[in-house]
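*Asks:* I am attaching a structure below and will ask some questions about it afterwards.
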Amino acid sequence: MDTTIALSPTTLVAVLMSLAAGFAYVNIRVTRLPMTIGLMLISLLFAGGLLLAEALGVPAGATAESIVSSIDFSDLLLEGALGLLLFAGSIHVNFNDLAEQWAEIGLFATLGVVLSTMLVGVATWAVSDILHLGLAPLECFLFGALISPTDPIAVLGILKRAGAPQNLETKITGESLFNDGIGVVVFLVLYKMAYSGELIGLSEVSFIFVEEVLGGLGLGLVGGFICYRLLKSVNHPQVEIMVTLALVMGLYASAQALHFSGPLASVVAGLLIGNRGRAFAMSEATRQHLDTFWELVDDILNALLFTLIGLEALVVSLEMNHIIAGLAAVVVALAARTISISVPVALLVHWRNFGKGTIRVMAWGGLRGGISVALALSLPATPGREVLLTMTYVVVAFSILVQGLTIKPLVEKLAVTRQPVPDAH
-12 MDTTIALSPT TLVAVLMSLA AGFAYVNIRV TRLPMTIGLM LISLLFAGGL LLAEALGVPA
48 GATAESIVSS IDFSDLLLEG ALGLLLFAGS IHVNFNDLAE QWAEIGLFAT LGVVLSTMLV
108 GVATWAVSDI LHLGLAPLEC FLFGALISPT DPIAVLGILK RAGAPQNLET KITGESLFND
168 GIGVVVFLVL YKMAYSGELI GLSEVSFIFV EEVLGGLGLG LVGGFICYRL LKSVNHPQVE
228 IMVTLALVMG LYASAQALHF SGPLASVVAG LLIGNRGRAF AMSEATRQHL DTFWELVDDI
288 LNALLFTLIG LEALVVSLEM NHIIAGLAAV VVALAARTIS ISVPVALLVH WRNFGKGTIR
348 VMAWGGLRGG ISVALALSLP ATPGREVLLT MTYVVVAFSI LVQGLTIKPL VEKLAVTRQP
408 VPDAH
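Numbering (my numbering), first residue to last: -12 to 412.
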């Protein structure tokens, strides 16, 4: 029986919002987990229930799978919600704290991402060979690129609850905000090499990378400055909020047209507006309205995002070989994450003060989330796509549900306090 259902965009949003609101209510009243973790867990259990119903002869699972398959999760996040979420997160980050740790954050977000991509790529190639998955070398490195960036959307809320010291929290937050943009750029370069059918030289790769990164940073500065001047010239909270909303949407559209990094542009603009704009261009009433608005945008989009991540279980391959590959990928991703943090720390340890347990907390607290899933879903329909999607989903599920729930006990076990100590290990 054909269970394909074509929902209008309005109906689809209504269904997702209803599910997200219902799951959020259950989480508040019953599970009482951090919201991102609770929403994904409940959504995952809901998806499992639908699959069980289908196995018992009720076509609910196939119907739900059809609906979830019709949602372009990759486009929804990468081209829509990501810019709003990054801006909402970055306007609350203290620029002075970031500036004090620019070297660490810069190395974690650049060298760390590239190193992790290479390590995961090589290890995934070995796993593919052992399990006879048939993945091409470039597909393995693509997996490395999509799984290496940590997700600020998942990290920010969970980290504050963990009670990590301020300087360590700044490192993880700053890295998460910037390594998204870097990771997406690395992914796009490898994607073009893997699927364009063209031989791309080192000079072209370097040009694409520089264009995306520097273009995104510059666009964010220019757009943020224009927005700052506009905010400074008026004193009307509703109009000023609309200006910031137009800034984020306009920046992302401009970045797409110019082939710049939209995530980096959103982060830079958010830092500028959240620091200089908040201090010199807003009244107290505007600051309160702005914070309330962007916190609400952040909460609603997060609820929809993590509900969708859980529901994506309906479209993931459950072949045993693919699940085993996913479990292997969890180990690989954690090992690569640890090394990619250890190398920058080793390079800077004589010039910078790293607190106790920095490497372990950053390695375990670097959660993967919706960005990795969105990038995996953007892969073309090749023989390797299913296994890469399953591997990504297993890593993300483990990251959010296991690492997210245990980061606070880890911080407490290591006796990480608000006062940094010299030991980097």
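Quick reminder that beta carbons are idealized off the backbone N, C-alpha and C, glycines included.
What you are looking at is a predicted structure, and each value in this text was computed from that prediction instead of being measured.
Is SER248 closer than 9 Å to GLU191 when the C-beta atoms are compared?
*Replies:* Along the sequence shown, read from residue 1 onward, the residue named residue 191 stands at position 204. Along the sequence shown, read from residue 1 onward, the residue named residue 248 stands at position 261. Cβ distance not < 9 Å, so GLU191 and SER248 don't count as in contact.
*Asks:* Taking 9 Å as the threshold (beta carbon to beta carbon), is VAL226 in contact with chain B?
*Replies:* The structure shown contains no chain B; it holds only a single protein chain.
*Asks:* What is the DSSP secondary structure of GLU41, reduced to helix, strand or coil?
*Replies:* In the sequence shown, counting from the first residue as 1, residue 41 sits at position 54. The answer is helix: DSSP assigns GLU41 an H, G or I state.
*Asks:* According to the Cβ coordinates, are LEU125 and ALA51 closer than 9 Å?
*Replies:* To locate residue 125, count along the sequence shown from 1; it is residue 138. To locate residue 51, count along the sequence shown from 1; it is residue 64. Not in contact: LEU125 and ALA51 (Cβ atoms no closer than 9 Å).
*Asks:* Please report the residue range of the alpha helix (DSSP H) in which MET229 lies.
*Replies:* Here residue 229 refers to the residue found at position 242 when the sequence shown is read from its first residue. It spans 224 to 245 - the alpha helix (DSSP H) in which MET229 sits, taken as one unbroken run.
*Asks:* I'd like to know whether the C-beta atoms of LEU98 and VAL374 end up nearer to each other than 9 Å.
*Replies:* Counted from its first residue, the sequence shown places residue 98 at position 111. Counted from its first residue, the sequence shown places residue 374 at position 387. No, the pair does not count as a contact, with Cβ atoms beyond the cut-off.
*Asks:* Distance, Cα to Cα, SER93 vs GLU41?
*Replies:* Counted from its first residue, the sequence shown places residue 93 at position 106. Counted from its first residue, the sequence shown places residue 41 at position 54. Note that residue 93 is Gly in the sequence shown, not Ser. C-alpha separation (whole angstroms): 48 Å.
*Asks:* Could you give the DSSP three-state label for GLU306: helix, strand or coil?
*Replies:* Position 319 of the sequence shown, counted from the first residue, corresponds to residue 306. Coil, per DSSP.
*Asks:* Which residue from LEU28, PRO21 and SER193 puts its Cα closest to that of VAL172?
*Replies:* By one-based count along the sequence shown, residue 172 stands at place 185. Per the Cα distances, SER193.
*Asks:* Report the three-state DSSP secondary structure of GLY168 (helix, strand or coil).
*Replies:* Counting from 1 along the sequence shown, the entry for residue 168 is found at position 181. Helix, per DSSP.
*Asks:* Can you tell me where the alpha helix (DSSP H) with ALA268 in it begins and where it stops?
*Replies:* Counting from 1 along the sequence shown, the entry for residue 268 is found at position 281. Run containing ALA268: none; DSSP gives neither H nor E here.
*Asks:* Less than 7 Å between C-beta atoms, sequence neighbours within five positions excluded: which residues of the same chain meet that for VAL408?
*Replies:* Position 421 of the sequence shown, counting from 1, holds the residue named residue 408. Low confidence applies to VAL408: its pLDDT is 40, below 50, so where it sits in the model is not reliable enough to give any reading.
*Asks:* Let me confirm a value: VAL254 is counted as buried when at least 16 other C-beta atoms fall within 10 Å, else exposed. Which label applies?
*Replies:* Indexing the sequence shown from 1 puts residue 254 at position 267. Buried, by the Cβ-count rule.
*Asks:* Let me know the secondary structure DSSP gives VAL374 once reduced to three states.
*Replies:* As a first step, residue 374 must be located in the sequence shown, where it is residue number 387. Annotated three-state conformation of VAL374 is helix, per DSSP.
*Asks:* Identify which residue in LEU298, HIS223, ASN308 and VAL303 has its Cα closest to the Cα of ALA268.
*Replies:* Within the sequence shown, the letter at position 281 stands for residue 268. The shortest C-alpha separation from ALA268 is found at HIS223.
*Asks:* For LEU288, which residues of its own chain have a beta-carbon under 7 Å away from its beta-carbon, when the five flanking residues on both sides are left out?
*Replies:* Within the sequence shown, the letter at position 301 stands for residue 288. Cβ neighbours of LEU288 beyond the five flanking positions: ALA68, LEU71 and LEU72.
*Asks:* In three-state DSSP terms, what is GLY131?
*Replies:* Here residue 131 refers to the residue found at position 144 when the sequence shown is read from its first residue. Here DSSP, grouped into helix, strand and coil, assigns GLY131 to helix.
*Asks:* Starting from the C-beta of VAL381, find all residues in its chain whose C-beta is less than 6 Å away, skip the five residues before and the five after it, and write them out in chain order.
*Replies:* Counting from one through the sequence shown, the residue named residue 381 turns up at place 394. Same-chain partners within the cutoff: GLY313.
*Asks:* Tell me whether the beta-carbon of VAL109 lies closer than 9 Å to the beta-carbon of GLY261.
*Replies:* The sequence position of residue 109 within the sequence shown is 122, counting from 1. The sequence position of residue 261 within the sequence shown is 274, counting from 1. Not a contact, by the Cβ cut-off of 9 Å.
*Asks:* Taking GLY25 and GLN88 to be in contact with their CB atoms under 8 Å, please state how far apart those CB atoms are, rounded to whole angstroms.
*Replies:* Working through the sequence shown from its first residue, we reach residue 25 at position 38. Working through the sequence shown from its first residue, we reach residue 88 at position 101. Rounded, the Cβ-Cβ distance is 31 Å, inconsistent with contact.
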